[in-house]
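**Q** With positions in the sequence shown counted from 1, the corresponding number in our numbering is that position plus 1. Okay, handing you the structure first.
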Amino acid sequence: MTLIEISYYSRKLLPFSIIIILVIAIVGFGIQLLFLYFNSQSIPKTPTQVQQLAISPIFDRIKAPIISKARSASAYTLVLDTFDGTANPEQATSAAQVYFIPQKTASFGFLSKIYLMAQTSGFDTTITQHSLEDKIAVFDDGKRTLRIDIRNFNFEFDYKLTESDPLGVAPESFNEQTIISTASTYLNGMDRYPSDFSAGDTNVIYLAFNPETKQVITVDKIEGANIAEVDYYLPDLNGYPVVTSSYYNSPHFVMVLLNGGEQKVIQSTVAYLDRSVDQIGIYPLKTPQQAWEELQRGKGYVVSAKLPEGEVTIKKVFMGYYDPDVYQEYVQPVYVFLGEQEFVAYVPAVTSEYLIEQ
Numbered sequence: 002m003t004l005i006e007i008s009y010y011s012r013k014l015l016p017f018s019i020i021i022i023l024v025i026a027i028v029g030f031g032i033q034l035l036f037l038y039f040n041s042q043s044i045p046k047t048p049t050q051v052q053q054l055a056i057s058p059i060f061d062r063i064k065a066p067i068i069s070k071a072r073s074a075s076a077y078t079l080v081l082d083t084f085d086g087t088a089n090p091e092q093a094t095s096a097a098q099v100y101f102i103p104q105k106t107a108s109f110g111f112l113s114k115i116y117l118m119a120q121t122s123g124f125d126t127t128i129t130q131h132s133l134e135d136k137i138a139v140f141d142d143g144k145r146t147l148r149i150d151i152r153n154f155n156f157e158f159d160y161k162l163t164e165s166d167p168l169g170v171a172p173e174s175f176n177e178q179t180i181i182s183t184a185s186t187y188l189n190g191m192d193r194y195p196s197d198f199s200a201g202d203t204n205v206i207y208l209a210f211n212p213e214t215k216q217v218i219t220v221d222k223i224e225g226a227n228i229a230e231v232d233y234y235l236p237d238l239n240g241y242p243v244v245t246s247s248y249y250n251s252p253h254f255v256m257v258l259l260n261g262g263e264q265k266v267i268q269s270t271v272a273y274l275d276r277s278v279d280q281i282g283i284y285p286l287k288t289p290q291q292a293w294e295e296l297q298r299g300k301g302y303v304v305s306a307k308l309p310e311g312e313v314t315i316k317k318v319f320m321g322y323y324d325p326d327v328y329q330e331y332v333q334p335v336y337v338f339l340g341e342q343e344f345v346a347y348v349p350a351v352t353s354e355y356l357i358e359q
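As structure tokens, this is what we get:
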């Protein structure tokens, strides 16, 4: 074969050669991807790692959360039965932010504000004047009681139901949205409806009150209810849920009497504490396993449980931020342990070297 023929056939076969090379390369790349996929499936999965923060404990040692109504975990024998058999939550981090809560002082204009709050709650303030118990202003007309913290205007309101108060079941015209609207309008009138309330979840609980036995039971639907409780929860903080001193209920709520065409606020509490946006520390955290071991030793806070004692199986573990309902200096992370029989326990997440036990 001459050089001219070789050159001719080479030019003719060149496109086919390129196609063959490309096919071989694609097949080889596909085989590599398959190997990588099967290798990744064989590697045990670990909890998702979130961005780790640089430690900056600007408050030095901090006090552990204050949860006055919590019970000791020492009365329980705890067994772990989570999805993966460990105490590790889906998101694992070695440090988290801690927020300072500044203690406010009473302003010179507090009198006008507390009287507006009293009027919103149904008081005739030309007749009922306030008394002062330390930092708490109290209005009491025998039917209603309103207690207001004059430093931050958190309050507790209670209306005493009597035989003169009609207690028929809720009419068909009432629904969840009308009840929430009544509750939110009341809090706006009290000037205690922070933006966190609208950004977070709202939950309605229906209740049936028997005036003869004075018993209250929870019902699933509005039918058969004569009272509704609207709970306001704070939105997630840094991607973690915000939990309360009772977990299933909120310290920020409005209770509404449902009767006829009228809705009347009969009880309400707001215990909202503003956290600083400037004073934020970053503290090292215990591992979930360390928190689990502490809980097994009886440390931590049991905030909910149907059983007063005995064995409880823990089904879920995660990290959250504790929303305090009494003044304390910090909003800080806790590990949350959820179990059977509505068992809920918290363990402070900040490492022991930076934590002052209460």
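C-beta atoms are modelled at their ideal positions from N, C-alpha and C, and glycine is treated no differently.
Identify whether Y116 lies in helix, strand or coil by the three-state DSSP scheme.
**A** DSSP places Y116 in the helix class (H, G or I) of the three-state scheme.
**Q** In chain order, which continuous runs of the beta strand (DSSP E) of length 3 or greater are located wholly inside the region 93-170?
**A** 96-101, 132-134, 137-141, 145-150, 156-160
**Q** Suppose contacts are defined by Cβ-Cβ distances below 8 Å. Is A184 in contact with Y207 by that definition?
**A** no
**Q** So, are the CB atoms of V348 and A292 less than 8 Å apart?
**A** yes
**Q** Short of 7 Å in beta carbon distance, which residues of its chain neighbour K317, apart from the five on each side in sequence? Order them along the chain.
**A** T83, L339
**Q** With respect to the beta strand (DSSP E) encompassing S269, which residues constitute its N-terminal and C-terminal limits?
**A** Note, S269: beta strand (DSSP E), 263-271.
**Q** In angstroms with no decimal places, state the Cα-to-Cα distance between Y1 and P195.
**A** As displayed, the chain neither begins before 2 nor continues past 359, which places residue 1 out of reach and without an answer.
**Q** Hey, could you find the ends of the beta strand (DSSP E) Y322 is sitting in?
**A** 311-323
**Q** Does DSSP classify F60 as helix, strand or coil?
**A** coil
**Q** In whole angstroms, what is the alpha-carbon distance linking A65 and Q268?
**A** 30 Å
**Q** Could you round the C-beta distance between I223 and A171 to whole angstroms and report it? I think they count as a contact, below 8 Å.
**A** 5 Å
**Q** Go ahead and pull the three-state DSSP assignment for F210.
**A** strand
**Q** Could you give the DSSP three-state label for F39: helix, strand or coil?
**A** Since pLDDT at F39 reaches only 45, below the 50 mark, its modelled position is unreliable, and the value read off the structure follows with that caveat. Reduced to three states, the DSSP call for F39 is helix.
**Q** Skipping 5 residues on each side, what residues in its chain have a beta carbon closer than 6 Å to that of V99?
**A** G282, Y284, Y331, Q333
**Q** Give the C-beta separation of I180 and V205 to the nearest angstrom, bearing in mind that I take them to be a contact with Cβ-Cβ under 8 Å.
**A** 6 Å
**Q** Straight-line CA distance for A350 to K70?
**A** 20 Å
**Q** Assuming V243 contacts D324 (C-beta within less than 8 Å), just tell me the rounded distance between them.
**A** 5 Å
**Q** So what's F254 in DSSP terms, helix, strand or just coil?
**A** In the displayed model, F254 falls within a strand according to three-state DSSP.
**Q** Just how far apart, CA to CA, sit Q295 and T121?
**A** The displayed chain sequence assigns Glu, not Gln, to residue 295. Taking the straight line from one Cα to the other gives about 47 Å.
**Q** Between the beta-carbon of V304 and the beta-carbon of S246, is there less than 8 Å?
**A** Result yes, Cβ atoms of V304 and S246 sit closer than 8 Å.
**Q** Between F319 and P58, is the Cβ-Cβ spacing less than 8 Å?
**A** no
**Q** Could you tell me how far apart the beta carbons of F111 and F60 are, in whole angstroms, since I believe they sit closer than 8 Å?
**A** Actually they do not touch by this definition, with Cβ atoms about 29 Å apart.
**Q** Looking at the structure shown, is Q297 part of a helix, part of a strand, or coil, going by DSSP?
**A** helix
**Q** Among the candidates A96, D85, L79, whose CA atom is the shortest distance from the CA of A55?
**A** A96
**Q** Since F210 contacts V220 with CB under 8 Å, what's their CB separation in whole angstroms?
**A** 11 Å between Cβ atoms; not a contact.
**Q** How about R152 and T106: do their beta carbons lie closer than 8 Å?
**A** Against a cut-off of 8 Å, the Cβ pair of T106 and R152 comes out as a contact.
**Q** Assign R12 to buried or exposed, taking buried as 16 or more other Cβ atoms, counted over all protein chains shown, within 10 Å of its Cβ.
**A** Confidence at R12 is low in this model, with a pLDDT of 49, below 50, so the placement of that residue should be treated as unreliable; the coordinate-derived value is given next. R12 is exposed by the Cβ-count criterion.
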